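First the structure, in the form of structure tokens, and then the observations on it.
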Ligand SMILES: Nc1ncnc2c1ncn2[C@@H]1O[C@H](COP(=O)(O)OP(=O)(O)OP(=O)(O)O)[C@@H](O)[C@H]1O
Ligand SMILES: [Mg+2]
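In the working numbering, the protein residues as written are 5 to 355.
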């Protein structure tokens, strides 16, 4: 019983000590675990702080880079702006120069062209003064012999002929001045939405009939192909009408000149077509007349260039047409084979 008592006591002690031991080892384990966790969290925080720091630095760096880049870009923009302004002003200067050059060219052309008919007018007027003096002498006599009467008659004829020449060359000078005024007035009109097919057709008929009114032996086949899907285009109608009229007149003239040669099987023909090409309307006017020789083709758009007989033309039609089409931001081109055809292509641009 005693033994059992002792053993029970010791058992209790052993039990308690075991519990104390277990508890303290649990406590130690718990504390050390908590410590580890604390350490881990502290480490994590340190890492986090370092990362935050790095991020901040990175951000500052990036912001600086962005600022640098923005500065660079705005500098580039400014220098581009300066370059653009310079370009615009030099473009304006170029246009101005071109205008002045063509004005100079035209002015010297007028001077040159008018000089010629004026010389005729002056010379014939002087000649007439001399002839009239002679006439006066004859008429101062009381009686005129038959020979003298004949002389007087031929003197009067000469005076009349000279007056006709004075009149012809005076008209030519007047024509030059009129065309020059048209040149100067070429771009005052307002742009209007226009049915190009209608205009091309109307002026073709008008041109044909007014040409036939001058020479009714002239006949030509008018062949037309219009692109009916064309939208209306903004143009100065009066100016484009003038261009069409000039080109048609030249074509009819050339057809008529070739027809006069009586070549077997020759049938004068003018083909007119319109079509849309990208942002443009293309008007093509082709005649199977005399064509243009290679040596002249580069000159036909120059003011006063003409191959027509003196007194009939001023050579301003195509130069005026060229200026009008350029003022519409379009193109006027020519293609030809001498003796076979001449083709004029007008390109107008939709805005
Ligand atoms: N369809 C054509 N066929 C052949 N030659 C042409 C044709 N169109 C123009 N030419 C040539 O180009 C020249 C210049 O034409 P432009 O219309 O400028 O003047 P012009 O017809 O001679 O005179 P204007 O038109 O002032 O009465 C003509 O004289 C002619 O030699
Ligand atoms: Mg002409």
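Backbone N, C-alpha and C define an ideal beta-carbon position, used for all residues, glycine too. No experiment lies behind these values; they were computed from the predicted model shown.
Where residue 72 falls: helix, strand or coil (DSSP): The sequence position of residue 72 within the chain shown is 68, counting from 1. Of the three classes helix, strand and coil, the one that applies to residue 72 here is helix, per DSSP.
Residue 324 and residue 250 - do their beta-carbons sit closer together than 8 Å? Along the chain shown, one-based indexing puts residue 250 at 246. Along the chain shown, one-based indexing puts residue 324 at 320. Yes. Within cutoff.
Identify whether residue 229 lies in helix, strand or coil by the three-state DSSP scheme. As a first step, residue 229 is located in the chain shown; it is residue number 225 there, counting from the start. DSSP places residue 229 in strand when its eight states are reduced to three.
Per-residue burial, residue 266 [other beta carbons within 10 Å of its own, 16 or more giving buried]: Translated into positions along the chain shown, residue 266 becomes position 262. Exposed, because fewer than 16 other Cβ atoms sit within 10 Å of the Cβ of residue 266.
Check whether the region 148 to 161 touches the region 198 to 213, taking contact to mean three or more Cβ pairs, one atom from each stretch, closer than 8 Å. no
Just how far apart, CA to CA, sit residue 305 and residue 247? For the purposes of this step, residue 305 is taken as the residue at position 301 of the chain shown. For the purposes of this step, residue 247 is taken as the residue at position 243 of the chain shown. If you take the alpha carbons of residue 305 and residue 247, they lie about 12 Å apart.
Using a 10 Å radius around the Cβ and a threshold of 16 neighbouring Cβ atoms, would you call residue 332 buried or exposed? The count along the chain shown starts at 1 and reaches residue 332 at position 328. When all chains shown are included, residue 332 counts as buried.
Collect the residues with a C-beta less than 7 Å away from any heavy atom of ligand 2 and give them in sequence order along the chain. 250, 253, 254, 317, 321 and 322
Between 283, 16 and 244, which lies nearest to residue 326 when the distance is taken from Cα to Cα? One-based indexing of the chain shown puts residue 326 at position 322. Here the closest residue by C-alpha is 244.
Where does the unbroken alpha helix (DSSP H) through residue 341 begin, and where does it stop? Sequence index remark: in the chain shown, residue 341 carries index 337 (1-based). Unbroken run through residue 341 is the beta strand (DSSP E), 335 to 341; no alpha helix (DSSP H).
Would you grab the beta carbon distance between residue 309 and residue 319 for me? Rounded to a whole angstrom, and I think it's under 8 Å. The residue given as residue 309 occupies position 305 in the chain shown. The residue given as residue 319 occupies position 315 in the chain shown. Yes, residue 309 and residue 319 are in contact; Cβ-Cβ is about 5 Å, under 8 Å.
Kindly indicate which residue of 282, 33, 321 and 255 has the alpha-carbon position closest to the one of residue 275. Looking up residue 275 in the chain shown gives position 271. For residue 275, the nearest C-alpha among the options comes from 255.
Would the C-beta of residue 295 count as close to ligand 1, meaning under 7 Å from any of its heavy atoms? Walking along the chain shown from the start, residue 295 turns up at place 291. Yes.
Taking a contact to mean a Cβ-Cβ separation below 8 Å, would you say residue 236 touches residue 208 in this structure? Within the chain shown, numbered from 1, the residue matching residue 236 stands at position 232. Within the chain shown, numbered from 1, the residue matching residue 208 stands at position 204. Their beta carbons are not under 8 Å apart, which means residue 236 does not touch residue 208 by this criterion.
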